[in-house]
Amino acid sequence: LCHSLRQTHAMKMASYKRLNPEYVQFSNAVLSEEPGPAQEQVSVTPAPAQTPDSQAQPTTAAFNSEACSVIPEPWRFDCYPERGVVVTKEMCEARNCCFIPASSSLPPSRRNGIPWCFYPQEFPSYSLVSLNDTSLGQKGQLVREVKTYYPGDILNLELEIRHETDTRLRVRITDPSNSRFEVPITVPNATEKAESPAYTVELSKEPFGLIVKRKNILICNLNTTVAPLFYADQFLQFSSSLPSQFIYGLGEHRSSFLHDVQWNTLTMWARDEMTNLYGAHPFYLAMEEGGNAYGLFLLNSNAMDVVLQPAPAVTWRTIGGILDFYIFLGPDPGSVIEQYQEVIGFPAMPIYWALGYHLCRWGYGSSNATWEVVKKMRNSGTPQDAQWNDIDYMNHFMDFTFDPANFATLPDLVKDLHAHDQRYVMILDPGISSTQAEGSYWPYDEGLRRGVFINDSDGNTLIGKVWPGLTAYPDFSDHVTHEWWYDNLKSFHEKVPFDGLWIDMNEPSNFLDGSTKGCPSNSLENPPYTPGVLGGLLRGKTVCASAQHKHSLHYNMHSLYGLMEAKASRIVGKRPFVISRSTFPSHGMYSGHWLGDNRSHWKDLYTSIAGILTFNILGIPLVGADICGFSEQPQEELCVRWTQLGAFYPFTRNHNAIDMKPQDPTAFSSLAGTAMKQALLLRYSLFPLLYTLFHHAHVHGHTVARPLMFEFPNDTKTYGIDRQFLWGSGLLITPVLDPGVNYVVGYFPEGLWYDYYTGNSVRSKGEDMRLPAPLDQINLHLREGTITPTQTPNLTLWVSSGQPLHLVSALSEDGSASGDLFWDDGESIDTYETNQYAYIVFSVSQVKYLATLTVSAVLVTSDLLHNHAPICSLRSADANLMVIPKTHRKTWGDKAFSVAAPSLWKFPYLITF
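Residue 1 is where the sequence shown starts when you use full-length UniProt numbering, and the numbers rise one by one after that.
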């Protein structure tokens, strides 16, 4: 895979059979009929130069069937990617490309997606004509002699290679003559070249290619010599081989966690539809043979397609901006994600109640009806931290209003919630109603006065249509808009003291295509190439691509809209709570995410796991799906199982649609309601663990909901698992995802695992196990060597936080275990950064049947919640802990291995256990 592939004319590449995602593994054997090449160093010897005649007429290779036929089908790179076109041989050869129909011997499922029109090895590309050393790496000049079939070729480019850290390489390819749009997010500014990089960089001069390898290993992390580089004004494309078919990330799409590389095109252009979903995240994580991992991030916000093919290989195809990409060398999956977040920013530490149970629906109809549900939850003893309302609380669906008739008691409801240590969250859509009489709706009138709205190509306020009717769209790229947005939030907060925001419809969504006046006919609205957006139009159900923001055109800014709104949606004083539908890299710094509209189907229950795992690797750990499903009538069994799984989403909310039956835990039978309540109480008891995991996400970029492969990267059986996941490193969650069953099959990586409820131990060699799964319980297992902090649960996390803490120790074979706890006041901003916290490390060691528990902690310099204690410090404390012999392991549980401690919300104490 490290050949300069386009310079090896007769080479046949190894293709890969698609493996079952439930059981995937590497094999050193050839996995296809094609013989694979031997590994060798890349050649940098220039290939024969292209002649000027090649621009005017097809190259010889285009008509040379022998030259074209040596390229195996898995290694065909599409020369005619336009959709809705039946490509003929004549059309293909007009682009100087090979035309060979897919093999009829393959089954239809394998033939789908194989390009019939593909690049020959001699297809013209750029040449590297100069290269100079810089303080960070190298700079070079790329020149193209032969124009492509897309307009606006940029024939001279600048290449910059930056060795930013030992595990991070940055490559920028730009137009030195003209400034082009670049994504306006803050990234690190490296000032020194990496001293001992874990990678090597090799360059092919003609045609130009870039090869990045892990040092001392022949497998390539990047090899762009496999296909030509395109860099036109509205068409930028590069391809690379992949070291394996194990690719993750590339959100947002509804799919399995492990992506299919069988001719799979993933489109990124934020949209309220299933094809290209709400967010755009051009980052992937890839596994290599031997358990290593790396990642690639293309810092580009324009509409794009990312094509995975079974070679395996990837093609990035975008219609604007620049090519600015990072490669992260890990070497383990968790390190890759940490390095990625060092670039895009670590997620914010959530306010404590964000991790409680949230309840919502569209269609409560009134504040009194909402209030009744809250009271039923309290009376049933079911924990709940936050109550939400959908758009039906608004007056005619207008932002910053509430219905004076049906929601007249909304301020009283919020007051009652606060009196019970609960919180209120409201929805806001970005569209601002524009049809009221002048002077009757301040948000619109003041917005016009300040000039905060997106304009059309003529410079007038663009008008679309969403829930309130005709609407204008705030331009969140402008700081003036942020101030106007904050003024609206502040004014409404004085009437209804909400605690959090749910920002929806922020792709932005539009019931029209473009605007009430349509959109102009130009290359922005109808680019030479349109990625696979639903309907084939960039303006489809959003605003015109030619619309004007303060910072740039909507053509460039579209997929950034949700991120910019999240930045603006700040509530001063405490950690903000914001949940956003549309997302982009760095979004976790400002907001969480829910996975959008789903259905009350078992399939949607299953795919939600892939969603939360994907967003954890994308740097947005505060994520969850609508528990029980948003649309279609809820089913009791499904809702019980979904609540059990949802209790282990990092963000837990039950939400459903208008005209659907209620699906909160009190709406079902007594048995079902009790099972749901027990699942939520279990979550609340594990709050100290969950809060600590979010601390590590905030400070180190760790995942909260964690794929098994992150902890067991050498176990290839874990690579396709998305029916189970971990909280952190030690709590294994195995939910039921199918109807009518009383058991579940789960995979246990090698080691000792303890049933969370009984303490029974299971030693696995790395195997599937059948587990009993009664309707009232979700399977949880503790990994050996871990200590899990727990707490007696109550109806809200505020009340729970005053309860005694316990430590559950899952001892390894040698009788040792360790764990930690992060604790602060739960709501102040930057407590870690300002040393207003406690961090405690626990360890257990065993001698015969006597265990010693050691507690170590950093200096505590904060006033902690409830009693506002003075500054204090923690000292190490030892205590003896009696351990039941292994022969009596079945009796292990909270009583045998739990250690009660004073409430850490009520410091100071010299902690003894």
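Every residue, glycine too, gets a C-beta built ideally from N, C-alpha and C.
- Within the DSSP secondary-structure output, F230 pairs in a beta bridge with Q237.
- Here K465 carries a strand assignment [DSSP, helix/strand/coil].
- Here the alpha carbon of L563 sits roughly 16 Å from the alpha carbon of E483.
- When DSSP states are grouped into helix, strand and coil, E158 belongs to the strand group.
- In this chain, the beta strand (DSSP E) harbouring H593 covers G592 to W594.
- Annotated as proximal: N406 and S366, with beta-carbon spacing under 7 Å.
- Each of D260, W594, V741 and W642 was checked against the Cα of P774, and the nearest Cα belongs to V741.
- Taking a contact to require three or more Cβ pairs closer than 8 Å, the segment 413 to 430 and the segment 453 to 461 do not qualify as touching.
- For the beta strand (DSSP E) assignment, the uninterrupted runs of no fewer than 3 residues enclosed by the segment 195 to 221 are, from N- to C-terminal side, 199 to 204 and 209 to 214.
- Judged by DSSP in its simplified three-state form, C117 adopts strand.
- Under the three-pair Cβ rule at 8 Å, the segment 379 to 389 does not count as touching the segment 462 to 480.
- Within a 10 Å sphere around the beta-carbon of D768 sit fewer than 16 other beta-carbons, which makes this residue exposed.
- When the beta-carbon positions are compared, P713 and P333 come within less than 7 Å of each other.
- Within the DSSP secondary-structure output, M268 pairs in a beta bridge with M304.
- Here A810 is near E784, since their CB atoms are less than 7 Å apart.
- Contact check for T265 against V314 fails: the beta carbons are separated by 7 Å or more.
- Remark: C-beta atoms of G140 and R162 do not approach each other more closely than 7 Å.
- Shown here, D715 sits in coil according to DSSP, grouped into three states, outside any helix or strand.
- In the displayed model, G295 falls within a strand according to three-state DSSP.
- Under a 10 Å Cβ-count criterion, I658 is classified as exposed, with fewer than 16 other Cβ atoms of the shown protein chains found around its own Cβ.
- Under the DSSP assignment, V741 falls outside any beta strand (DSSP E); it carries neither an H nor an E label.
- Every unbroken stretch of the beta strand (DSSP E) spanning 3 or more residues and falling wholly within the segment 323 to 386 is given here in chain order: 323 to 328 and 357 to 359.
- Rounded to the nearest angstrom, the gap between the Cα atoms of V808 and S685 is 12 Å.
- Inside the segment 628 to 672, DSSP marks whole beta strand (DSSP E) runs of 3 or more residues at positions 652 to 654, from first to last along the chain.
- The straight-line gap separating the alpha-carbon atoms of D475 and Y561 is approximately 8 Å.
- In summary, Y743 is exposed, with fewer than 16 beta-carbon neighbours lying within 10 Å of its beta-carbon over all protein chains present.
- W502: member of the beta strand (DSSP E) spanning G500 to I503, first to last residue.
- DSSP, read as helix, strand or coil, puts V704 in coil.
- A distance below 6 Å between beta-carbons, with the five flanking residues on each side excluded, links G113 to the following residues of its chain, in chain order: W263.
- Following the DSSP letters along the chain, one finds L782 inside the beta strand (DSSP E) bounded by residues N779 to R783.
- Q245 has its alpha-carbon roughly 21 Å from the corresponding atom of K215.
- With respect to the 7 Å criterion, L501 and L428 are classified as neighbours on the basis of their beta carbons.
- Closest in C-alpha terms to R706, from the list I733, M268 and I100, comes I733.
- Non-local beta-carbon contacts of T275 in its own chain, meaning distances under 6 Å to residues more than five positions away in sequence, involve L534 in chain order.
- According to the DSSP assignment, G730 belongs to no beta strand (DSSP E), since it is labelled neither H nor E.
- Annotation: the segment 473 to 532 contains the following complete segments of the alpha helix (DSSP H) (minimum length 4 residues), in chain order: 479 to 493.
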